[in-house]
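What follows is one structure encoded as structure tokens, with my remarks underneath.
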RNA sequence: GCCGGUGUGGCGAAAUGGCAGACGCACAGGACUUAAAAUCCUGGGACCUUAAAACGUCGUGCGGGUUCGAGUCCCGCCACCGGCACCA
């Protein structure tokens, strides 16, 4: 670290103003009908007091940071990057007169605290509270203008009570395809055979009436169970037994989104597929809305693209293939129904349900089966036909993990089942294979293979000598049709009823799909890669489910939701946080907690960390509300933002549906398909059910770029290039830290840290300081300071020392010169425009230009200097407040704090130049720069250009063919 | 392989199709100082010429194009970063 001299006493200034803002609650945002204290600066600025209705409040601006997980490691330099950007905007919007909501909280459920508990026995709550305290200290020392009265933590019982409440809403809802939205489960209609009314009217009712009571009860119970099962199968939160990602090291299952390259996203531990009974959330019901509504929000293309890819919509058709000599059919999904005539074999996934039974494929290998088709996938030798179950098991075992199975280089493996299917368009008998390159989890888990026009099928067909039939002709005849997967023209595709020959791919697709639908052989289908959200975890430190398990008379286990008034369901206290010996979640250890007096048992899984972060932005609106997760009027005021819809339409183009909500959300890109997808899903369910007023939660979202180490590598402990924010604050102060983070470059860019760069902006702040203070008095202060090294802790002493420093005598209340006004207004213009466009780096450079210029002034007009401080305030609020206060104590006239001072407006008239410099080009090359009057006509410019001494030599002996004059910009003489 | 982004001095970066490199870092020279630090001033893309400069030539990843004029627009490549990846 540098040993440079202190530029200015930030270590006195910063704690002083942080305390002032805290004491005066400067940054409190007021809800509709909330009591606003008369003396609050917001009340004074807007001339409001008492309880104010939403319509009387200023326009809202909701600016949100992704709340942090309070880890034991504390803040890293990446956190303040986004937080500073949002803070600058929040302060700017406040100055512009908005009612700004800028909250902070803690995403505090999570694995590290739990792992620490397993190791030490210390309750995760204690660890979490300690970490939150440390994060709070660090964040507060940066002087962010958060409304701390709305602080929340996902681990607060007052908070997760409502997380559980939202789960109950999901549990008690279903997605109605007819209305295309979530509805209360009570609107679910039962199919005829389960519908009580139609049963009562049916002949069966008579039969039932004749039964003995005992038998009748048993029948009724059966029916009742079926109805319950049907209803449970439709809920947005449901239980299913399915292969899920199990991570042994973490001792829990993980969602698809939490598994990266076959490893856990957290910790990088291996994961394996394991069938388990788990809670799922039906996010797939919202696949289409999650996709199309991306068009209504202002996010970066790359982020939208990531969500689009994750949702993975593809249009195609399902086609039914009859299995030869069997009752069964195989349905496939294909995006290329136009190639159906080229389907020469079929493949089903090893996990396909037809395989599992082992009965669907009792076929032996026919005598004419080529040897190539009989190779045992394990021994790689010619074998007897094994059972299908064995084959599929072997194929999966061979793949070992899904990671290996999806490895690109991996050679495809498979075995002929002995069975054939009939290609419905040409009656061809085509072999059915089991192969590991077909995934059970996508589409129908089975494909029709068209080796001529699909890379994978092509590769597989070559390996096993399967027939390859061309059905698409490339439009460029030089291209080989074998393995040609692009669009082209259909050929060899006709039967007695239909011909696709000669049709371009798009038309062929449509024609064959229509024909299949007509023949009841298939139908148009849309498939998504998106899977339902695996929502339970085998952890302690998470929200318990508000669910109990019961047994019916026949001993069948079923689940039931607890009532809303039994919330929150608190986790039990434990002494041992490990999973049980039988692999049950840690909550299962608390027998007294699990077993309820009525004989039912609590669900022992907990919710994933994402649950709490799915809706925290809503709780901030009304964080103290004990009666609702958010009050209706309050939600309307903060989320609706009707007044801004027009502005937004122009911002992102004319769209049918515009989604307000959070005005600006800033955070890392790592949440692209996790938090941001989950939160949108929950929000849409709450919207459908009428609990929120917007279809999307976050209107504008910006990802801050990663900050790399000084060596240009990602910061990590092992590289030893981690920069600790506490050290930077100690050395340069919060204002310099904030300024540097913004000056490094555009917010979204990846940028390397450079501590010398911090010194640069620190010097700039020093220059601002010296522009405003009297140097002689500063010397007096320095002498006093050496006697009082403890001043930083002593508020009174701090004030005393700071008061020793007097205002620069050159600052007086005199009229500014035109040049001074021009410098100021150019700065106002640039800073204002840059803030609107989130260009913080260039805004700062504009202020540097101002300061460099102002340093040369003999006189410094109060009005100019004061206005400059307002521009600086969002970036370096402590310094700006301190200097503003000095202006106040000397001149009076202004408020003691500038937080709510109205943002300055620039006057274009002041920026008009009387004389301007115009570049003169000859044949497009710069030859001179001439000074002309700003009002010079084209003729004036032409004359001046031709008369330029530097230009003349280039015109000699040549004729001017053309003259291009852009008024006020340039002159270009074309000669030949 | 597919999708998205980015390529500009020694470094971080600026530039509504109109003077490329604002602002800052690092560096060099000077002032102040017994000296240093801090501060203030000055300089700066490369090449050529030169005592120094002016003039000149080249210059925004590479190759083309549009234009009076291209870092900016179009076409074709290359490299790096991020995401997805046997998704039929």
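Numbering (the working numbering), first residue to last: 1214 to 2189.
For glycine and all other residues, C-beta sits at the position ideal for the given N, C-alpha and C.
Fair warning: this is a prediction, and the values are worked out from it, not measured in the lab.
Any idea which residues DSSP pairs residue 1702 with across the strands?
1686 and 1717
For residue 1380 versus residue 1296, is the C-beta distance shorter than 7 Å?
no
Residue 2260 to residue 1318, Cα distance in whole Å?
Missing from the structure shown is residue 2260; the chain here goes from 1214 to 2189 and no further.
In three-state DSSP terms, what is residue 1816?
coil
Count the other C-beta atoms from every protein chain shown that fall within 10 angstroms of the C-beta of residue 1701, then say buried if there are 16 or more, exposed otherwise.
buried
Beta-carbon proximity check, residue 1519 vs residue 1568, cutoff 7 Å
no
Where does the unbroken beta strand (DSSP E) through residue 1544 begin, and where does it stop?
1542-1547
Within 6 Å: the Cβ of residue 1516 and any heavy atom of the ligand MN?
Here there are no bound small molecules, and the ligand MN is not part of this structure.
From the DSSP output, in three-state form, read off residue 1750 for me.
strand
Should the segment 1904-1911 be called in touch with the segment 1251-1266, which here means at least 3 C-beta pairs below 8 Å?
no
Pick from 2117, 1767, 2081 and 1280: whose alpha carbon is nearest that of residue 1438?
1767
For the beta strand (DSSP E) that residue 2186 lies in, which residues bound it at each end?
2183-2188
Consult DSSP for residue 1172 and reduce its assignment to one of helix, strand or coil.
In the structure as shown, the chain starts at 1214 and stops at 2189, and residue 1172 therefore has no counterpart that could be examined.
Residues near residue 1643 by beta carbon distance below 7 Å, same chain, minus five either side
1556, 1557, 1558, 1559, 1633, 1634 and 1636
Would you kindly work out how many angstroms separate the C-alpha atoms of residue 1815 and residue 1228, rounded to a whole number?
49 Å
Please classify residue 2045: is it buried, with 16 or more other beta-carbons within 10 angstroms of its beta-carbon, or exposed?
buried
Per DSSP, residue 1652 is paired with what?
Per DSSP, none; premise fails for residue 1652.
Short of 7 Å in beta carbon distance, which residues of its chain neighbour residue 1231, apart from the five on each side in sequence? Order them along the chain.
1353 and 1356
Among residues of its own chain, excluding the 5 on either side of residue 1527, which ones have a beta-carbon nearer than 6 Å to its beta-carbon?
1548 and 1740
Short of 8 Å in beta carbon distance, which residues of its chain neighbour residue 1748, apart from the five on each side in sequence? Order them along the chain.
1450, 1468, 1491, 1492, 1493, 1494, 1820, 1821 and 1824
Residue range of the alpha helix (DSSP H) that residue 1980 falls in?
1968-1985
If you draw a straight line from the alpha carbon of residue 1704 to that of residue 1458, how long is it in whole angstroms?
44 Å
Look up residue 1317 in the DSSP assignment and say whether it is helix, strand or coil.
coil
If residue 2136 and residue 2187 are in contact, beta carbons under 8 Å, what's the gap, nearest whole angstrom?
6 Å
CB contact flag (residue 1954, residue 1293, <7 Å)
yes
Cβ-based neighbour list, residue 1627, same chain, cut-off 8 Å, excluding 5 preceding and 5 following:
1560, 1590, 1608, 1646, 1647, 1648, 1649, 1650, 1673 and 1677
Rounded separation between residue 1371 and residue 1827 - CA only:
16 Å
Buried or exposed (CB count within 10 angstroms, at least 16 for buried), residue 1245:
buried
Leaving aside the five residues before and after residue 2173 along the sequence, list all residues of the same chain whose C-beta is less than 6 Å from its C-beta, in chain order.
2186 and 2188
Counting only runs that start and end within the segment 1343-1387, where is the alpha helix (DSSP H) found for 4 or more residues in a row?
1370-1384
Reduced DSSP category for residue 1724 - H, G, I as helix; E, B as strand; rest coil
helix
7 Å Cβ shell around residue 1403 - same chain, five flanking residues per side excluded:
1440 and 1443
Please confirm whether residue 1879 and residue 1918 have their CB atoms less than 7 Å apart.
no
Please look up how many angstroms separate the CB atoms of residue 1724 and residue 1713, rounded, as I've assumed it's under 8 Å.
6 Å
Since residue 2088 is in the beta strand (DSSP E), which residue starts that stretch and which ends it?
From DSSP, residue 2088 is part of no beta strand (DSSP E); its letter is neither H nor E.
What does DSSP give as the partner residue(s) for residue 1661 in the beta ladder?
1559
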